[in-house]
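So the sequences go chain by chain: A and B.
According to the working numbering, numbering within the first sequence proceeds without interruption in unit steps and concludes at 1663.
According to the working numbering, numbering within the second sequence proceeds without interruption in unit steps and concludes at 324.
C-beta atoms are modelled at their ideal positions from N, C-alpha and C, and glycine is treated no differently.
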Amino acid sequence: MIYLYIDTSSEYLYSALSKDNEVLSFKKSKLEHDLSAYALDEISKMFEDAKLSPDDVDKIIVVDGPGSFTGTRIGITIAKVYAWAKKIKITTTTSLYAMALSSKFDGIHVPIINARRGFVYAAIYDKDMKELLKPQHIEEEKLLKELEKYDNYKYISNDEFDDIDDIEEYDPDLSKIISYTKDNEDLNPHSVNPNYLKLTAAEESKKND
Amino acid sequence: MNCGDDMKDIYILGIESSCDETSASIIKNGTEEISTVISSQIDIHKDYGGVVPEIASRNHVKNITIVLEECLEKANMTMDEIDAIAITYGPGLIGSLLVGLEAAKTLAFIYNKPLIPVHHIAGHIYANSLVKPLEFPLLAVVVSGGHTELIKMDKHYSFKKLGGTLDDAIGECYDKVARVIGLEYPGGPKLDKLAHEGKDTYDLPIPLNDDTYNFSFSGLKSAVINLAHNEEQRNNEIRKADLACSFENAAISSITNKTKKAIEEFNIKTVIIAGGVAANSFLREEMQKLCDNLKVDLSIPPMKYCTDNAAMIGAAGYYAYLDGRKADLKLNAKSQDTLI
């Protein structure tokens, strides 16, 4: 089986083509604001590197968030249009799960993304990747309180935080991410959408009216 | 143009997502609409008094494959039968544009088809080619929520901007004045309807009544706001229908005056109205009178092509394709861009 993995939920493009668990080609590119321009171009080069054509892919694994709203939409749009048009399988995983999986730390994993204004996107997984706190948009202070229950944990992130340090830098282990997520449930491409974990500012303000 | 049996028909898949409509369309040879699907978010944004960009982007991503599928099903065609993919790359809301753009780039990549970048306003102009062939020299009067421009064309896909608005677009001004009068978003069409019930009794300035081809609507908008405010201070009731009629007369006069000047100066053969405000009945009536007097053809797209739609992008895409305009996978969306 040929798998295509796409994560554009941050300022990086993380993407890979694999034959089962063996990565054939990959991209880890910091594209920042150029993600919209270069993500698909980089992905197309990855096909060239692997000597594969778009028709060779059997299943797409796409990160549905949390993270950058626009960034996540780019990967999701590419993945769902691809899967729908070519009638191939598609499934999702989260950015936080991928981060935790890639940690080299032997203990509790705390993947964390800066959501600004004192909030983070975070989850907690034990060393066997059992979910202890589901991915959520949470106040940084509340997360710190939650973590008082545990010891021997490590943060994983590419972001900086005011009150959190000693962070393991996130470098995706693409082979491991694909092997852990490739058997996730196949989804209807129409139903594959970003999981923002947060309402828009306009919706928040309307809700509080 | 398909002039002979030996020429192959060209099918363009157009995709449009620059604001709050997700749309896909298949156009044959730039003039024949095979199928169009539009998913409008108007009811979603109504609750917020205008388009909320992030909500629009979120809905585009939800709708995109559904719209594409319906479009192909309606046409009874497959992607293999499509010759090229035309996409609105700008101007518009950046987050909205990006969904359509990534969808188009993905289709271009996985089917190895040409990707044609289309300026949104070129789309509005070419909506007219779905009605009848364009004849040159042509003057496009572009009137929408984001644009008020006069564009001269001497041949296909060649655009020369004579002038444009220096501040608010006419559609934007309509919506703001509608809000002052107390009409629900989108207020422009409601204001147009109300104007028909009133008389031109309020003294409002004709905006930027000068020798240029530029427009300015912020002064007119402020005049209406001040008038409404002053009447309120004096405890006078605003005659809403009369105010709507007076505003519409002033705003549309500004458009027709400059259109007349351009027709005379450039020996224009055809005038086309493009953009959402092309649906405005008063503008249609006044432009028809003007063109009848000056004996030039007037082309106004049917109502279905006045609002944002992908049929116009497919039509423009065909002529852009003939003109050799192709993009690679690095094509990016532009929230602002000049039509050239």
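Residue range of the unbroken beta strand (DSSP E) whose run includes residue i
{"i": "Val35/B", "result": "Unbroken run through Val35/B: none, as it is neither H nor E."}
{"i": "Ile(-4)/B", "result": "-5 to 0"}
{"i": "His1591/A", "result": "1585 to 1593"}
{"i": "Ser1464/A", "result": "Element bounds for Ser1464/A: n/a, residue is neither H nor E."}
{"i": "Glu17/B", "result": "16 to 24"}
{"i": "Pro101/B", "result": "99 to 103"}
{"i": "Thr72/B", "result": "68 to 74"}
{"i": "Leu282/B", "result": "281 to 283"}
{"i": "Val255/B", "result": "254 to 258"}
Straight-line Cα distance separating residue j from residue i
{"i": "Asp1512/A", "j": "Tyr1536/A", "result": "11 angstroms"}
{"i": "Glu249/B", "j": "Lys279/B", "result": "14 angstroms"}
{"i": "Ser1463/A", "j": "Ala1569/A", "result": "12 angstroms"}
{"i": "Phe143/B", "j": "Pro191/B", "result": "25 angstroms"}
{"i": "Ile1514/A", "j": "Asn47/B", "result": "19 angstroms"}
{"i": "Lys97/B", "j": "Gly33/B", "result": "40 angstroms"}
{"i": "Leu1641/A", "j": "Trp1538/A", "result": "10 angstroms"}
{"i": "His1591/A", "j": "Lys1652/A", "result": "7 angstroms"}
{"i": "Glu156/B", "j": "Ile100/B", "result": "29 angstroms"}
{"i": "Asn(-14)/B", "j": "Asn13/B", "result": "Bear in mind that the predicted position of Asn(-14)/B carries a pLDDT of just 47, short of 50, making it too unreliable to give a figure here."}
{"i": "Asp(-7)/B", "j": "Ala87/B", "result": "24 angstroms"}
{"i": "Lys310/B", "j": "Glu38/B", "result": "29 angstroms"}
{"i": "Thr1531/A", "j": "Leu188/B", "result": "48 angstroms"}
{"i": "Glu0/B", "j": "Thr6/B", "result": "6 angstroms"}
{"i": "Gly(-12)/B", "j": "Gly298/B", "result": "Here the model assigns Gly(-12)/B a pLDDT of 46, short of 50, so the residue's position is not dependable and the matter cannot be decided."}
{"i": "Asn1662/A", "j": "Gly1519/A", "result": "25 angstroms"}
{"i": "Tyr1650/A", "j": "Tyr1575/A", "result": "10 angstroms"}
{"i": "Phe1480/A", "j": "Leu1506/A", "result": "12 angstroms"}
{"i": "Ile1618/A", "j": "Thr196/B", "result": "60 angstroms"}
{"i": "Lys205/B", "j": "Val161/B", "result": "6 angstroms"}
{"i": "Tyr1624/A", "j": "Ala1470/A", "result": "16 angstroms"}
Chain-ordered chain A contacts of residue i [CB-CB under 9 angstroms]
{"i": "Gly79/B", "result": "Phe1523, Thr1524, Arg1527"}
{"i": "Ala87/B", "result": "Thr1531, Ile1532, Lys1534, Val1535"}
Spatially closest choice to residue i from the options, by CA coordinates
{"i": "Leu145/B", "options": "Val115/B, Cys157/B, Asn198/B", "result": "For the sequence presented, residue 145/B should be read as Lys rather than Leu. That would be Asn198/B, whose Cα lies nearest to the Cα of Lys145/B."}
{"i": "Lys318/B", "options": "Gly79/B, Lys30/B, Ile39/B", "result": "Gly79/B"}
{"i": "Thr328/B", "options": "Gly308/B, Val21/B, Asp64/B", "result": "As displayed, chain B neither begins before -15 nor continues past 324, which places residue 328/B out of reach and without an answer."}
{"i": "Val164/B", "options": "Val115/B, Ala234/B, Glu215/B, Leu114/B", "result": "Glu215/B"}
{"i": "Leu1598/A", "options": "Lys1584/A, Ala1577/A, Asp1613/A, Glu1585/A", "result": "Ala1577/A"}
{"i": "Glu57/B", "options": "Leu(-3)/B, Thr72/B, Val45/B", "result": "Leu(-3)/B"}
{"i": "Tyr1466/A", "options": "Tyr1604/A, Ile1542/A, Gly1525/A, Leu1587/A", "result": "Gly1525/A"}
{"i": "Gly1561/A", "options": "Glu1623/A, Tyr1604/A, Lys1540/A", "result": "Tyr1604/A"}
{"i": "Tyr1459/A", "options": "Glu1502/A, Lys1596/A, Val1516/A", "result": "Val1516/A"}
Amino acids of chain B, ordered along the chain, whose beta-carbon sits closer than 8 angstroms to that of residue i
{"i": "Tyr1536/A", "result": "Thr90, Ile94"}
{"i": "Ser1498/A", "result": "Phe93, Leu313"}
{"i": "Asp1495/A", "result": "Asp312, Leu313, Lys314"}
Within chain B, partners of residue i - CB distance below 7 angstroms
{"i": "Lys1513/A", "result": "Under the 7 angstroms cutoff, chain B gives no residues; its nearest Cβ is about 15 angstroms from Lys1513/A."}
{"i": "Pro1508/A", "result": "Phe93, Ile94"}
Under 8 angstroms by beta carbon: chain A residues contacting residue i
{"i": "Tyr32/B", "result": "Ala1656, Lys1660"}
{"i": "Ile69/B", "result": "Ordered by position in chain A, no residue passes the 8 angstroms Cβ test against Ile69/B, which lies about 11 angstroms from the chain."}
{"i": "Glu38/B", "result": "Phe1523, Thr1654, Ala1655, Ala1656"}
{"i": "Glu53/B", "result": "Trp1538, His1644"}
Partner residues on chain B for residue i, Cβ-Cβ distance less than 9 angstroms
{"i": "Tyr1492/A", "result": "Leu313, Lys314, Asn316"}
{"i": "Asn1647/A", "result": "Arg42, Val45, Lys46"}
Residue i vs residue j beta-carbon contact at 8 angstroms
{"i": "Thr243/B", "j": "Leu134/B", "result": "yes"}
{"i": "Lys314/B", "j": "Ala1533/A", "result": "no"}
{"i": "Lys1630/A", "j": "Tyr1457/A", "result": "no"}
{"i": "Ser9/B", "j": "Glu16/B", "result": "no"}
{"i": "Ser283/B", "j": "Val115/B", "result": "yes"}
{"i": "Ile252/B", "j": "Leu123/B", "result": "yes"}
{"i": "Phe231/B", "j": "Thr149/B", "result": "no"}
{"i": "Val336/B", "j": "Val83/B", "result": "Nothing in the structure corresponds to residue 336/B, since chain B is present only between -15 and 324."}
{"i": "Asn264/B", "j": "Asp176/B", "result": "yes"}
{"i": "Ile1528/A", "j": "Ala1493/A", "result": "yes"}
{"i": "Ser1557/A", "j": "Ile1610/A", "result": "yes"}
{"i": "Tyr158/B", "j": "Met296/B", "result": "no"}
{"i": "Ala326/B", "j": "Val102/B", "result": "Lying before the first or after the last residue shown, residue 326/B is absent from chain B, which here runs from -15 to 324."}
Unbroken alpha helix (DSSP H) run spanning residue i, endpoints
{"i": "Arg163/B", "result": "154 to 165"}
{"i": "Arg268/B", "result": "265 to 278"}
{"i": "Gly1529/A", "result": "1523 to 1540"}
{"i": "Ile236/B", "result": "224 to 250"}
{"i": "Ile297/B", "result": "295 to 306"}
{"i": "Ala212/B", "result": "202 to 217"}
{"i": "Thr90/B", "result": "78 to 95"}
Contact set between residue i and chain A, taken where Cβ atoms lie within less than 7 angstroms
{"i": "Thr49/B", "result": "Lys1534, Val1535, Trp1538, Pro1643, His1644"}
{"i": "Met63/B", "result": "Ala1539"}
{"i": "Leu82/B", "result": "Ser1490, Thr1524, Arg1527, Ile1528"}
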